[in-house]
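Enquirer: In the working numbering, the protein residues as written are 138 to 431. Where a beta carbon is used, it is the ideal one built from N, C-alpha and C, also for glycine. Fair warning: this is a prediction, and the values are worked out from it, not measured in the lab.
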Ligand SMILES: N[C@@H](CCC(=O)N[C@@H](CS)C(=O)NCC(=O)O)C(=O)O
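1) Along the chain, where does the beta strand (DSSP E) containing residue 413 start, and where does it finish?
2) Taking the alpha carbon of residue 373 as the point to measure from, which residue in 383, 385, 360 and 384 has its own alpha carbon closest?
3) For residue 255, list the residues DSSP reports as bridge partners.
4) Check residue 212 in the structure and name its three-state DSSP category.
5) Nearer than 7 angstroms: is that true of the beta carbon of residue 256 relative to any heavy atom of ligand 1?
6) If we ignore side chains and look at the alpha-carbon of each, how far apart do residue 153 and residue 167 end up?
7) To the nearest whole angstrom, what separates the beta carbons of residue 162 and residue 340, a pair I think is in contact under 8 angstroms?
8) Compute the Euclidean distance between the alpha carbons of residue 293 and residue 412, then round it to the nearest angstrom.
9) Less than 7 angstroms between the CB of residue 228 and some heavy atom of ligand 1, yes or no?
10) Would you give the residue range spanned by the beta strand (DSSP E) that residue 315 belongs to?
11) When we look at the beta-carbon of residue 295 and count the other beta-carbons within 10 Å, is it buried (16 or more) or exposed?
12) Within 10 angstroms of the Cβ of residue 285, are there 16 or more other Cβ atoms? Answer buried if so, exposed if not.
13) List the endpoints of the continuous alpha helix (DSSP H) containing residue 285.
14) Drop a sphere of 10 angstroms on the beta-carbon of residue 193, count the other beta-carbons inside from all chains shown, and report buried for 16 or more, exposed for fewer.
15) I think residue 352 touches residue 263, with their Cβ atoms under 8 angstroms apart; what is that distance to the nearest whole Å?
16) With hydrogens ignored, establish whether the beta-carbon of residue 376 is closer than 7 angstroms to any heavy atom of ligand 1.
17) Which residues in the same chain as residue 371 place their Cβ atom closer than 8 angstroms to its Cβ, once the five residues preceding and following it in sequence are excluded?
18) For residue 246, verify whether its CB is less than 7 angstroms away from any heavy atom of ligand 1.
19) Within this structure, are the beta carbons of residue 387 and residue 358 separated by less than 8 angstroms?
20) Could you check which residue in 329, 317 and 398 has the C-alpha nearest to that of residue 355?
21) Under DSSP, the beta strand (DSSP E) around residue 186 begins and ends at which residues?
22) When the Cα atoms are used, what is the spatial distance from residue 240 to residue 312?
23) Please confirm whether any heavy atom of ligand 1 lies closer than 7 angstroms to the CB of residue 195.
24) Consider the C-beta atom of residue 177 and the heavy atoms of ligand 1; say whether any pair is separated by less than 7 angstroms.
25) Where residue 376 and residue 334 are concerned, what is the direct C-alpha to C-alpha distance, given to the nearest angstrom?
26) Per the DSSP calculation, residue 260 is bridged to which residue(s)?
27) Please work out which residues of its chain come closer than 7 angstroms, Cβ to Cβ, to residue 181, disregarding the five sequence neighbours upstream and downstream, and give them in chain order.
28) Do you know whose CA, among 383, 283 and 314, lies nearest residue 332's CA?
29) Can you list, in chain order, the residues of its chain with a C-beta nearer than 6 angstroms to that of residue 324? Leave out the 5 residues immediately preceding and following it.
30) Would you say residue 200 and residue 190 are within 8 angstroms of each other, going by their C-beta atoms?
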């Protein structure tokens, strides 16, 4: 066997020091401390639910859920979606930090019951909405734990996909074989977990489409359809046939297609609805139309 390419010139210092120059393309937003960097009041719109987010996989989970709830006829799920530009550092504004002390999208304020309530972490937001509306989470005690298990599986697994594999394969300033090998191995294992499960289940929790699908699809569906990291070939995702079938099936849902557009500020202009304040915005406020008016 050939010897892997392990660079050995780096020796960790006794105590780690923050070198801002060393942060790769996220140097401007990454820092080793928490809390706000500047004062900024968050806008509040007219709907009960105020979402502060961006159309990354973590953000899309929530906009898909809200659009699915609205499609089912839950008018209480009407929402204003405000764009949080994480590359500009909006997540460190004082108002945003008040809603999420962890400074990450998505973050939700629920104004519908008494005092406004904050919810952060996409899993908590999905669960809050599922419980609030009694939808997309089985109530049957023999099914609910399975759904919660997959929901929390996503929360624990995706950081290896995004922060591990995606970072070192796509974003790191140079390729480190050890890191890419380690995380490619783990991601392929996760893809196989999903593929084997979906061989015998239409959705993550059997025949019912739930918050578990909404949490998992934006990440793992995106890898399979080559929408993140450009790694579908490298990971040979075509071999995961059941995962591919599920990915396509979910992508075809109208609410999913709408949810993907909300707070999107990249890609084709007609697919970007940077802010959403009304259902009609999908027809009138996509970025191609906004720019045509200017
Ligand atoms: N576990 C969190 C992860 C959220 C997260 O990592 N959000 C990213 C975008 S996908 C973010 O806001 N990053 C900004 C930063 O790290 O400063 C969740 O599921 O909500």
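Expert: The structure says:
1) By one-based count along the chain shown, residue 413 stands at place 276. Unbroken run through residue 413: none, as it is neither H nor E.
2) As a working mapping, residue 373 is identified with position 236 in the chain shown. Of the listed residues, the one whose Cα sits closest to residue 373 is 360.
3) Residue numbering aside, residue 255 sits at position 118 when the chain shown is read from its first letter. In the DSSP output, where bridge partners are listed per residue, residue 255 has 246.
4) Within the chain shown, the letter at position 75 stands for residue 212. In the structure shown, residue 212 sits in a helix (DSSP, three-state: H, G or I).
5) Looking up residue 256 in the chain shown gives position 119. No, the Cβ of residue 256 stays beyond 7 angstroms of every heavy atom of ligand 1.
6) As a position in the chain shown, residue 153 is number 16, starting the count at 1. As a position in the chain shown, residue 167 is number 30, starting the count at 1. Those two C-alpha atoms are separated by around 15 angstroms.
7) If you number the chain shown from 1, residue 162 lands on position 25. If you number the chain shown from 1, residue 340 lands on position 203. Residue 162 to residue 340, Cβ: 36 angstroms. No contact.
8) Taking the chain shown and counting its residues from 1, the one referred to as residue 293 is at position 156. Taking the chain shown and counting its residues from 1, the one referred to as residue 412 is at position 275. Their Cα atoms are separated by approximately 29 angstroms.
9) Within the chain shown, numbered from 1, the residue matching residue 228 stands at position 91. Residue 228: yes, Cβ under 7 angstroms from ligand 1.
10) Numbered from 1 along the chain shown, position 178 holds the residue referred to as residue 315. Where residue 315 is concerned, there is no enclosing beta strand (DSSP E), although the alpha helix (DSSP H) it sits in stretches over 314–336.
11) As a working note, residue 295 is residue 158 in the chain shown. With 16 or more other Cβ atoms within 10 Å, it is buried.
12) Within the chain shown, numbered from 1, the residue matching residue 285 stands at position 148. Residue 285 comes out buried.
13) Taking the first residue of the chain shown as 1, we reach residue 285 at position 148. Counting along the chain, the alpha helix (DSSP H) containing residue 285 begins and ends at 281–296.
14) Indexing the chain shown from 1 puts residue 193 at position 56. That one is buried.
15) Position 215 of the chain shown, counting from 1, holds the residue named residue 352. Position 126 of the chain shown, counting from 1, holds the residue named residue 263. Between residue 263 and residue 352 the Cβ distance is about 6 angstroms, and since that is below 8 angstroms, they are a contact.
16) Translated into the one-based positions of the chain shown, residue 376 becomes position 239. Flag unset: Cβ of residue 376 not near ligand 1.
17) Taking the chain shown and counting its residues from 1, the one referred to as residue 371 is at position 234. Closer than 8 angstroms at Cβ, skipping near neighbours: 306 and 321.
18) On the chain shown, residue 246 is found 109 positions in, with the first residue counted as 1. Answer for residue 246: no, Cβ out of range of ligand 1.
19) By one-based count along the chain shown, residue 387 stands at place 250. By one-based count along the chain shown, residue 358 stands at place 221. It is a contact, given that the beta carbons lie within the stated cut-off.
20) Working through the chain shown from its first residue, we reach residue 355 at position 218. Measuring C-alpha to C-alpha distances from residue 355 to each of 329, 317 and 398 identifies 398 as the nearest.
21) On the chain shown, position 49 is the one that residue 186 refers to. In this chain, the beta strand (DSSP E) harbouring residue 186 covers 186–190.
22) Residue 240 sits at position 103 when you count from the first residue of the chain shown. Residue 312 sits at position 175 when you count from the first residue of the chain shown. Rounded to the nearest angstrom, the two C-alpha atoms are 28 angstroms apart.
23) As a first step, residue 195 is located in the chain shown; it is residue number 58 there, counting from the start. The answer is yes for residue 195.
24) Here residue 177 refers to the residue found at position 40 of the chain shown. Incorrect: residue 177 has no Cβ contact closer than 7 angstroms to ligand 1.
25) Translated into the one-based positions of the chain shown, residue 376 becomes position 239. Translated into the one-based positions of the chain shown, residue 334 becomes position 197. About 14 angstroms.
26) The residue you call residue 260 lines up with position 123 of the chain shown. Beta-bridge analysis with DSSP links residue 260 to no other residue.
27) What you label residue 181 is simply residue 44 of the chain shown in a count that begins at 1. Cβ neighbours of residue 181 beyond the five flanking positions: 187.
28) Taking the chain shown and counting its residues from 1, one reaches residue 332 at position 195. When only C-alpha atoms are compared, the closest one is 383.
29) One-based indexing of the chain shown puts residue 324 at position 187. So the qualifying residues of the chain are 298 and 302.
30) Start at 1 with the first residue of the chain shown, and residue 200 comes out as number 63. Start at 1 with the first residue of the chain shown, and residue 190 comes out as number 53. Cβ distance < 8 angstroms, so residue 200 and residue 190 count as in contact.
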